[in-house]
Amino acid sequence: MSDKTYPPSADFAAKAHVDAAGYAEMYKTSIDNPEAFWAEHGKRIDWIKPFSKVKDVNFNFGEVSIKWFEDGTLNVAANCIDRHLETRADQTAIIWEPDDPNDDALHITYRELHEQVGRMANVLKSLGVGKGDRVVIYLPMIPEAAYAMLACARIGAIHSIVFAGFSPDALGARVNGCDAKLVITADTAPRGGRQTKLKDNVNQALLHDTTDVKCLVVRRTGDQIAWRRDLDFWWHEEAEKVSADCPPEEMGAEDPLFILYTSGSTGQPKGVVHTSGGYLVYAAMTHQYTFDYHDGDIFWCTADVGWVTGHSYIIYGPLANGATTLMFEGVPTYPDAGRFWAVCEKHKVNQFYTAPTAIRALMGQGNDFVTRYDLSDLKVLGTVGEPINPEAWNWYNEVVGKGNCPIVDTWWQTETGGHLITPLPGATATKPGSATLPFFGVQPVVLEPESGKEITETVAEGVLALKDSWPGQMRTVWGDHDRFQSTYFQQYKGYYFSGDGCRRDADGYYWITGRVDDVINVSGHRMGTAEVESALVAHAKVAEAAVVGYPHDIKGQGIYAYVTLMTGEEPTDALRKELSEWVRHEIGPIAKPDLIQWAPGLPKTRSGKIMRRILRKIAENDYGSLGDTSTLADPSVVDELIENRMNRG
Ligand code: WTA
């Protein structure tokens, strides 16, 4: 924690959309009179039929229902493209920066975007995709990913993007989960100089019970790929057969726009459903205010479109605002640790948005990689995904921002669609490590974890929940509304429960302390411990597994697995490696355990429940304060685990 505050400069505040007084006033209106506030801000997008109802929300467990602007109709793609054509057809909509810095960048204008999306929309139709059908997108960070998302939106199909780092099994589960008609992929994805054979992964994923799923393939590298006759189609061939003119479908505000699978504390990932009207209003509005985006600015969010950050702040928010948004195919460290800053200089980036894990990794490579580039166009720096430690915050502020760029530490979730707690750069005095104050219309509360009682004193510590809805909130879990209710509305009645812990300081600032459930935040990506455990126990030599997080210098949290082997199996280093690779293969590289400890026994209560609290402490190398272990069936397993712990850092 750091008590130093960094107020926006008078100069910045004067030019900003919102200054401190403006924030206070707008926030008050948004809470005192949400109907009027959102009726006004709902107009920032174009409606085919204007809404007359603003909000219809019920947070009561058993009756949860969330609707915004429900009788309005619109088309999201028309809002992101068509409505800009009159004034900015020749403005760049998307700057694409390829993985290899020696390849040419692309500048795609709004006119070109309109054409490409129209074509892809007509190709989707020709492949039998219609309104309400699901399309899985499994693409690298290439312009076609944007075309695919917007083409779905244009015809009213629901996209579900699967991050290209996920394994065939994870992909297959998601294709099945939403019963997709089509998968859009590429032959191969170059990333950081390495190649991932995406189409091969799709072939494997579709081997099981999804053999009639069609596949549209973008040619990225020209690699040889295995082709499924009658089911696979080249994008560049199909595009030639159709017109570029595809009238946008009229959609209801509450029609789903996309499904995005995310990890929870139990079971398999759930399909978070976002709808059209409220989501777009919220993504666009937060993009404008949080980054203080002005017409003509170049905006760069380094996320992948496979995560919610890419949905809201590479595609939907910026394009709804008529922005120029940068899409980067590569990684921060290729060809060297200066790549981010080289790209900022090259494309004169004004707002830059990344994750603390990237900042920490680059910080360790020395300042030369930053200072050799001209970063004078930068105005605002953002972070997202996990708490940022003050050292990384200070480095970002001083070395990257030269002390001139407000830092916006944005707290939000896949479920929230857009920022909920964040500074506004012209309004909020920041404190390193704090996400600061709520966005307009957002009412955070701190609850006592056990009783669920709302702590009304300003200074508070507990779990973070939200008292009322905002337009970008998820509406349901795909195909499982009960799971939606039980995950977010059951434990603390009447609130949306975030799963995060937090502190509120004397200034009313929020400090997110991390997940309080069995979700690990690895490099800003969510991973459910249950998912990793089920991958481990699927291995023939594993009898039992328990997975917890532990502090990791770069990733924020690392994955620590306790594994009990089948009787007779040898606990060797080779087997450790094999299990790591196995998890990588089952889920993807982000799920790979960092440390595996052989556990002849796991600490269990007499009723057989694994005591994760103890496992977490040992993984954190904090075994001196294990607390009460007397309820364990066999307390001696704990000494054994401590003695052979893997993290002695
Ligand atoms: C964490 C990413 C601290 C948090 C947009 C949340 C953060 C989870 C921050 C959601 C932040 C995100 N400070 N923690 N600024 N932003 N988190 O769904 O634990 O991938 O619940 O959404 O990331 O991760 P998700």
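All you need for our numbering is the position in the sequence shown, starting with 1, plus 730.
Ideal Cβ placement from N, Cα and C applies to all residues, glycine included.
Under the three-state DSSP convention, the category residue i falls into
| i | result |
| --- | --- |
| Tyr-1083 | strand |
| Asn-852 | helix |
| Val-784 | coil |
| Asp-1139 | strand |
| Asp-962 | strand |
| Ala-835 | coil |
| Pro-986 | strand |
| Leu-1167 | coil |
| Gly-1026 | coil |
| Asn-1124 | helix |
| Pro-1319 | helix |
| Ala-969 | helix |
| Leu-1332 | coil |
Whole-angstrom distance between residue j and residue i, CA atom to CA atom
| i | j | result |
| --- | --- | --- |
| Lys-734 | Glu-1121 | 13 Å |
| Ser-805 | Leu-1010 | In the sequence as displayed, the identity of residue 805 is Asn instead of Ser. Their backbone Cα atoms lie some 10 Å apart in a straight line. |
| Ala-746 | Asp-1237 | 23 Å |
| Gly-1052 | Thr-803 | 20 Å |
| Gly-848 | Ala-969 | 10 Å |
| Cys-1135 | Gln-1287 | 28 Å |
| Gly-1163 | His-1282 | 17 Å |
| Ala-851 | Gly-1036 | 20 Å |
| Thr-839 | Ala-823 | 5 Å |
| Gln-1095 | Leu-1056 | 24 Å |
| Val-1130 | Asp-1107 | 11 Å |
| Tyr-1292 | Gly-994 | 20 Å |
| Glu-1261 | Ile-1289 | 12 Å |
| Tyr-1353 | Glu-1311 | 29 Å |
| Gly-1357 | Ile-1372 | 14 Å |
| Gly-922 | Pro-870 | 12 Å |
| Asn-790 | Phe-1219 | 7 Å |
| Trp-798 | Val-1367 | 53 Å |
Spatial neighbours of residue i in its chain, beta-carbon cut-off 6 Å, leaving aside the 5 residues before and after
| i | result |
| --- | --- |
| Leu-1362 | Pro-1333 |
| Arg-1090 | Ala-1122, Ile-1284 |
| Ala-808 | Pro-978 |
| Ala-1033 | Thr-1039, Gly-1040 |
| Ser-760 | Phe-767, Phe-1170, Gly-1171 |
| Lys-927 | Thr-918 |
| Met-1376 | Leu-1325, Gln-1327 |
| Phe-742 | Gly-1156 |
Contacting residues, own chain, Cβ-Cβ under 7 Å from residue i (five flanking each side not counted)
| i | result |
| --- | --- |
| Pro-764 | Lys-785, Gly-1171 |
| Lys-685 | In this structure the chain extends from 731 to 1379, so residue 685 is not present and cannot be described. |
| Ser-1264 | none |
| Ile-775 | Leu-804, Asn-809, Leu-1010, Val-1011, Ala-1014, Ala-1050 |
| Leu-961 | Lys-944, Cys-945 |
Burial state of residue i, where buried means 16 or more other Cβ atoms lie within 10 Å
| i | result |
| --- | --- |
| Gly-772 | buried |
| Pro-898 | buried |
| Gln-1215 | buried |
| Ala-751 | exposed |
| Thr-941 | exposed |
| Asp-820 | exposed |
| Ile-1348 | buried |
| Asn-931 | buried |
| Asp-1022 | buried |
| Arg-1234 | buried |
| Asp-1230 | buried |
Contact set for residue i: own chain, Cβ-Cβ below 8 Å, skip 5 residues either direction
| i | result |
| --- | --- |
| Met-1296 | Ala-1270, Lys-1271, Val-1272, Ala-1273 |
| Arg-1378 | Asn-1351 |
Closer than 6 Å: residue i CB and nearest the ligand HEM heavy atom
| i | result |
| --- | --- |
| Thr-1039 | Ligands in the displayed structure: the ligand WTA; the ligand HEM is not one of them. |
Next on the checklist: Contact between the segment 883-890 and the segment 820-831 is defined here as three or more beta-carbon pairs at a separation below 8 Å; is this criterion met?
Outcome noted: no
Checklist entry - Are the segment 1196-1210 and the segment 1141-1158 in contact at 8 Å, needing three or more beta carbon pairs? => result yes
Checklist entry - Would you call the segment 1240-1253 and the segment 1041-1049 in contact, with 3 or more CB pairs under 8 Å? => result no
Next on the checklist: Three Cβ pairs or more, each shorter than 8 Å: is that satisfied between the segment 1065-1083 and the segment 1092-1112?
Outcome noted: yes
Next on the checklist: Across the segment 1177-1184 and the segment 976-990, are there enough close Cβ pairs to call them in contact, namely three or more that are closer than 8 Å?
Outcome noted: no
Checklist entry - Below 8 Å, can you find three or more Cβ-Cβ pairs linking the segment 991-1008 to the segment 1055-1069? => result no
Next on the checklist: Across the segment 910-917 and the segment 859-874, are there enough close Cβ pairs to call them in contact, namely three or more that are closer than 8 Å?
Outcome noted: yes
Next on the checklist: Below 8 Å, how does it come out for the segment 1079-1096 and the segment 1113-1133: are there three or more Cβ pairs, yes or no?
Outcome noted: yes
Item to check | Cβ pair count under 8 Å reaching 3, the segment 1340-1358 against the segment 1294-1310 | outcome: no
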